[in-house]
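Q: Chains A and B, in that order, are what the protein sequence lines are. The opening position of the first sequence corresponds to residue 40 in this note's numbering, with each subsequent residue numbered one higher. The opening position of the second sequence corresponds to residue 2 in this note's numbering, with each subsequent residue numbered one higher. Glycine included, every Cβ here is placed at the ideal spot set by N, Cα and C.
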Amino acid sequence: MGLQLVPYNTNYDFVGKKNIVFTILIIVGIICLASVFYHGFNYGIDFKGGLLLEIRTRETTDIAKLRSDLSGVVLGEVTLQEFGAPNDVLIRVERQPGGDEAQIAALNKIKEKLGQNVDYRRVETVGPKVSEDLIRNGIYAVLGALVAMLVYIWFRFEWQFGVCSIITLAHDTIIVLGLFSLFQLEFNETAIIAVLITVTYSINDTVVIYDRIRENLRKFKKMPLSELINHSINDTLSRTILTSSVTLLSLLGLYFFGGPVIAAFSLPIIVGITAGTISSITVSAPLLLHMHLRPDQLLESSESK
Amino acid sequence: MIHIPLWKTLLTVAVCLIGIIFVIPNFFTREQLDHFPSWFPKNQVVLGLDLQGGAHLLLEVDFDGVVKEQMTSLMDAIRNTFRKERIGYTGLSPKKDFVTLTLRNPADLEKATSLIKQVDRDLEVTSTPEGVMTLRLNETAMQERKKSALAQSIEIVRRRVDETGIAEPFIQRQGEDRILIQLPGLQDPTRIKNLLGKTAKLQFRFVDTSVNAAPGLVVPGSDVLPEERDGKVFYYAVKKHTIVSGENLVDAQPSFDQYNRPMVSFKFDSLGAKKFGDATKNNVGKLFAIVLDDKIISAPRINEPILGGSGQISGSFTLQEAQDLALLMRAGALPAPLKVLEERTVGPGLGADSIAAGEYATVIAILMVMAFMFIAYSFFGAIANIAVIFNLILLFAALSLTHATLTLPGIAGIALTIGMAVDANVLINERIKEELRLGRKLLSAIDAGYNRAMTTIIDSNLTTLIGVGLLYQFGTGPTRGFAVTTSIGILVSMFTAITLTKQIVAWWIRWRRPTRLPI
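(1) Counting only beta-carbon atoms, is I510(B) nearer than 8 Å to chain A?
(2) Of all Cβ atoms in chain A, is any one closer than 8 Å to the Cβ of A108(B)?
(3) Are the CB atoms of F205(B) and F289(B) nearer to each other than 8 Å?
(4) Taking DSSP's pairing of strands, which residues face E93(A) in a bridge?
(5) Checking contacts by CB at 8 Å: is V300(A) closer than that to chain B?
(6) Within 10 angstroms of the Cβ of N430(B), are there 16 or more other Cβ atoms? Answer buried if so, exposed if not.
(7) Quick one: which unbroken beta strand (DSSP E) runs of 3-plus residues sit fully inside the segment 235-273 of chain B? Chain order, please.
(8) Does the distance from the C-beta atom of L327(A) to that of I252(A) stay below 8 Å?
(9) Hey, could you find the ends of the alpha helix (DSSP H) A323(B) is sitting in?
(10) Check whether the Cβ of A366(B) lies closer than 8 Å to any Cβ atom in chain A.
(11) Between L88(B) and A108(B), how many whole angstroms is the CB-CB distance? I'm expecting something under 8 Å.
(12) Who are the Cβ neighbours of V373(B) in its own chain at under 6 Å, not counting the five residues just before and after it?
(13) State buried or exposed for Y77(A), treating a residue as buried only when at least 16 other CB atoms are found within 10 Å of its CB.
(14) State the CB to CB distance for the pair L409(B) and P479(B), rounded to an integer number of angstroms; the pair is presumed to be in contact (CB under 8 Å).
(15) For I242(A), does the count of other Cβ atoms within 10 angstroms reach 16, so buried, or fall short, so exposed?
(16) Looking at C-alpha atoms only, which residue of M330(B), R161(B), Q173(B), S223(B) is the closest neighbour of A152(B)?
(17) Can you check whether the C-beta of L290(A) is within less than 8 Å of a C-beta belonging to chain B?
(18) Can you tell me whether L18(B) is buried or exposed? The criterion is at least 16 other CB atoms within 10 Å of its CB, across all chains shown.
(19) Could you run through the segment 339-353 of chain B and flag, in chain order, every residue whose CB is less than 7 Å away from some CB of chain A?
(20) Looking at the secondary structure, which residues open and close the alpha helix (DSSP H) in which Y294(A) lies?
(21) Can you tell me the Cα-Cα spacing of I84(A) and Q135(A), whole angstroms?
(22) Looking only at C-alpha atoms, which of N249(B), K268(B), G310(B), I22(B) sits nearest to D279(B)?
(23) Give me the subset of the segment 397-431 of chain B whose CB atoms are less than 8 Å from a CB atom of chain A, sorted by chain position.
(24) Could you work out which residues of chain D lie near M455(B), taking near to mean beta carbons separated by less than 9 Å?
(25) Exposed or buried, what is T229(A) when buried is set at 16 or more other beta-carbons lying within 10 Å of its beta-carbon?
(26) Rounding to the nearest angstrom, what Cα-Cα distance links S289(A) and S154(B) in this structure?
(27) Just reading off the alpha helix (DSSP H) that T502(B) is part of, what are its end residues?
(28) In three-state terms, what does DSSP make of N227(A)?
(29) Just to check my reading of the structure: V245(B) and V208(B) have Cβ atoms closer than 8 Å, yes? What is that Cβ distance to the nearest angstrom?
(30) Would you say V299(A) and G123(A) are within 8 Å of each other, going by their C-beta atoms?
(31) Going by Cα to Cα distance, which pick from D127(A), K104(A), R278(A) is closest to E98(A)?
(32) Can you check whether the CB of A362(B) is closer than 8 Å to the CB of F296(A)?
(33) Helix or strand or just coil, what does DSSP make of Q313(B)?
(34) Quick check: is any heavy atom of the ligand FAD less than 7 Å from the C-beta of V225(B)?
(35) When DSSP labels each residue in this structure, what does F381(B) get in the three-state scheme?
Take a look at the structure:
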């Protein structure tokens, strides 16, 4: 016999508490949005352009000394960061004024300064033009995904479902962007991937719940809508929790054992999937109550306004 | 009894076996694979540069340069035609992407227009009654020319990279004006960048010795060009007329002169040999200049007519410079300058570390998921776990077969896929439990579980595929790597999580004839 991880006959009143949940989530959303607008992002090399070097030195690196050495040879801000191990350092240099030649010249100066005893594990130079395209394509990808999913859900369910799922997804996107902004995590191309994974994962959860609502709408024609939605959420609750736990487990494996690059990549996805699971349960379905799902049917006085 | 037709059973087993066969080559080195029988598949998963180590360059073709050059040559052509036809004009000048001129006599307008059309029929001519004319290429012709310039650039880039002997370069058009180059294993792309940074327009031109050239001096009919020699810069006035250009070369090789100094030997085609022979015959004793991208490589004196079509360029070269010059001459000129937009190199150490960390993390993730599934569903969890293993096998088989590239985000995609693949089994198992609770008999509960869960699985997987598809459409290298593994993983999971597990359950029922469900 398997362990019953989530009791099967749950009957949590998600719909009844929806106003409290909506208020909390709206506040969190506003905080995230405010941070995005006022704080902005800590754009990484993919977006800002510039130079990036990951080096491995023979002994533990004296970061302070390295910093003062390097700020002498290049213009603008130089940031250094221990990366994974004490003798691995990540060096970020702002884009040097001038064209490609200026970047290459700066790179050569840095290499000269670092001397022979350094293993260059990664060297990147990115121009500003690439960044513009990346931002544009990122926005296209996220918006395109949202619209395509809206259309699909509209086609497979009803337009109300599509609208509610998009509101939920917008919320999840804002949370992930807020995470990047609030904690000033480096915002690179992988950040866009993280947002898209969150969106695709969250829609998965939402669709499973909607599927059940659709089924129950056919099955229980007389059941009040709020009860029906609540019933559907509880029906699928154990699946939602189980699947999310499994996915989070595998992502936690990546976060703790995958090395610094994969860890930086998995963290926003972990947060995004958690947010997506919560919002699928507490937002996407209860939101349907506001959408006149059964216009000809009895609308309950207690829930719908 | 769950009835599964025999052909479906056979197909399921066959797919799994084929998957295993296609994964096997990944566990062997290339040398070991050479000893395998010839019918055995030998495709391995292609590792991205971030895992394998190597250099990645993103280049942009400078079309403004192409257009400007075309406008300049258009202007020359019009000047010659109008002179011949005695049409008076003023203010002929090339602008960014058009040419303007003013006719002295507006009555010439019709004649001028038809003459211009003869020069280039893709030109659009607009004019005012006062005789001000504007010529520009029409939109389709412009697009055509850009397209062919890009195609030609890629061809030249490929030739130059191939000539350096770098193994397995990957060169691809990206967007409308970009070229992506990936050079696995290359640590320092400086030489490649130098080679690609030159348009390598080679010309043989006469030197105008009547003036003392200095930088900034304007000499009619000539250009003042620099020559760098022994660390100093000399200037020559070089006549605009080109005797022969690089297009007429058939070969160029580095060699040594009698003092053992590096030089480049070259050979013209028959047309080039004739032109060069005629020119040198009539100008013995004069200087000519070998000009590469508006810089003089060498300005030798013509001691005797050069008739055989072959010659040497000796300058103050290092061996490497002679080799690179010969390479550029062989590969031909780029139609437009290239600009490096992005350059990334990953050392082999980091690549190996990333693979190791990725493998380790993925194995741990899989083990945790499997343990979790077993705790949650015991026997049915074990079946789901078999499905997960085959999901991975088929995923890697598909990656090997299609030559798709595995990148670091791709590894993250695999971990995510496992979560999603298990989802189908969670949905099915939850549904079976539910049907049992509703009082159904075991077999009908299993059947209903699979059937009812089906719509949900298809809906949820399709929406996910839509998202991943857009990611592929708009993403670049690393993003695409993620999209590839995730989408293959999801597609494969439809087979492993549904068809395969149902098959296993059917076998189990036939074997054990259970009445209770160990779920």
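A: Judging by the given coordinates:
(1) no
(2) no
(3) yes
(4) L129(A), R161(A)
(5) yes
(6) buried
(7) 250-257, 263-269
(8) yes
(9) 320-332
(10) yes
(11) Strictly speaking, residue 88(B) in this sequence is Ile, with Leu absent from that position. Actually they are not in contact, since the Cβ atoms of I88(B) and A108(B) sit about 10 Å apart, beyond 8 Å.
(12) First, the residue type needs correcting, since residue 373(B) is Phe and not Val in the sequence shown. None.
(13) exposed
(14) 7 Å
(15) buried
(16) Q173(B)
(17) yes
(18) exposed
(19) K340, V341, L342, E343, E344, R345, T346, V347, G348, G350, L351
(20) 264-296
(21) 12 Å
(22) G310(B)
(23) L409, P410, I412, A413, A416, L417, I419, G420, M421, V423, D424, V427, L428, E431
(24) Protein chains in the displayed structure are A and B, and chain D is not among them.
(25) buried
(26) 45 Å
(27) 502-513
(28) coil
(29) Going by Cβ atoms, the distance from V245(B) to V208(B) rounds to 15 Å, so no, they are not a contact pair.
(30) According to the sequence shown, residue 299(A) is Pro rather than Val. Yes, Cβ-Cβ distance for P299(A) and G123(A) is below 8 Å.
(31) D127(A)
(32) yes
(33) strand
(34) As far as ligands go, the structure on display features none, and thus does not contain the ligand FAD.
(35) helix
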